[in-house]
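*Asks:*
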Amino acid sequence: MPHLITPHLITIENSGERFQSVDGMSVLAAMEQARCRGIPVGCRNGGCGACKVRVTSGQYRTGKMSRAVVSVADEAQGCVLACKTYPQSDLGVEALGRILQTGPSRATSFSFAIPRPESPRSEREA
Ligand code: FES
Numbered sequence: 000m001p002h003l004i005t006p007h008l009i010t011i012e013n014s015g016e017r018f019q020s021v022d023g024m025s026v027l028a029a030m031e032q033a034r035c036r037g038i039p040v041g042c043r044n045g046g047c048g049a050c051k052v053r054v055t056s057g058q059y060r061t062g063k064m065s066r067a068v069v070s071v072a073d074e075a076q077g078c079v080l081a082c083k084t085y086p087q088s089d090l091g092v093e094a095l096g097r098i099l100q101t102g103p104s105r106a107t108s109f110s111f112a113i114p115r116p117e118s119p120r121s122e123r124e125a
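Each residue of the sequence shown is one higher than the last, beginning at 0 in numbering that gives the first Met the number 0.
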């Protein structure tokens, strides 16, 4: 008898987007496959926290998540990382994460002075 793959309906409550996931696919991967954008995407590997969500309904399991972005207390309240969350029933989620600021404004925080070489005195000043 062939293994039956059960699709699960995922609803992002902030955006109203709905899409399907199958067993073994993370919430974030399913969202990207469906070309939805309701959950911010970052590292896709449980480390940055961009895809943090609160699960409001349904059953799920999680993979390894960085404790720097999801504490034990967060997890106990249903806050997880969508890239490491695997639905086991239909799910409702609320997006919580944000993409960290990157780009030119961050680069300007690094400033340092480069000493100027002594400029040679011109012939007129001499
Ligand atoms: S995308 Fe970085 S933790 Fe999920």
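Backbone N, C-alpha and C define an ideal beta-carbon position, used for all residues, glycine too.
With burial defined as no fewer than 16 other Cβ atoms inside 10 Å of the residue's Cβ, what is the status of Ala75: buried or exposed?
*Replies:* Ala75 comes out exposed.
*Asks:* Check the C-beta distance from Ile4 over to Val26 and give it rounded, since I have them as a contact under 8 Å.
*Replies:* At roughly 16 Å, the Cβ-Cβ gap does not stay under 8 Å, so Ile4 and Val26 are not in contact.
*Asks:* With a Cβ-Cβ cutoff of 8 Å, do Gly15 and Ala49 count as a contact?
*Replies:* No, these two residues do not count as a Cβ contact at 8 Å.
*Asks:* In or out: Asn13 buried (at least 16 other Cβ within 10 Å) or exposed?
*Replies:* It is exposed - the Cβ of Asn13 has fewer than 16 other Cβ atoms within 10 Å.
*Asks:* Kindly provide the ranges of any beta strand (DSSP E) runs that are 3 or more residues long and lie completely inside the segment 27-113, ordered along the chain.
*Replies:* The segment 27-113 contains these whole beta strand (DSSP E) runs: 51-56, 59-61, 78-80, 84-86 and 90-94.
*Asks:* State the start and end residues of the unbroken beta strand (DSSP E) segment that holds Thr10.
*Replies:* Where Thr10 is concerned, the enclosing beta strand (DSSP E) stretches over Pro6 to Ile11.
*Asks:* Along the chain, where does the beta strand (DSSP E) containing Ser14 start, and where does it finish?
*Replies:* Unbroken run through Ser14: none, as it is neither H nor E.
*Asks:* Quick one: measure Cβ to Cβ for Val79 and Val54, integer angstroms, because I've assumed they're closer than 8 Å.
*Replies:* 6 Å between Cβ atoms; contact.
*Asks:* Considering only their Cβ atoms, is the gap separating Ala81 from Ile38 smaller than 8 Å?
*Replies:* Taking 8 Å as the Cβ cut-off, Ile38 and Ala81 qualify as a contacting pair.
*Asks:* Measuring from the CB of Val40, is there a heavy atom of ligand 1 at a distance below 7 Å?
*Replies:* Yes, ligand 1 has a heavy atom inside 7 Å of this Cβ.
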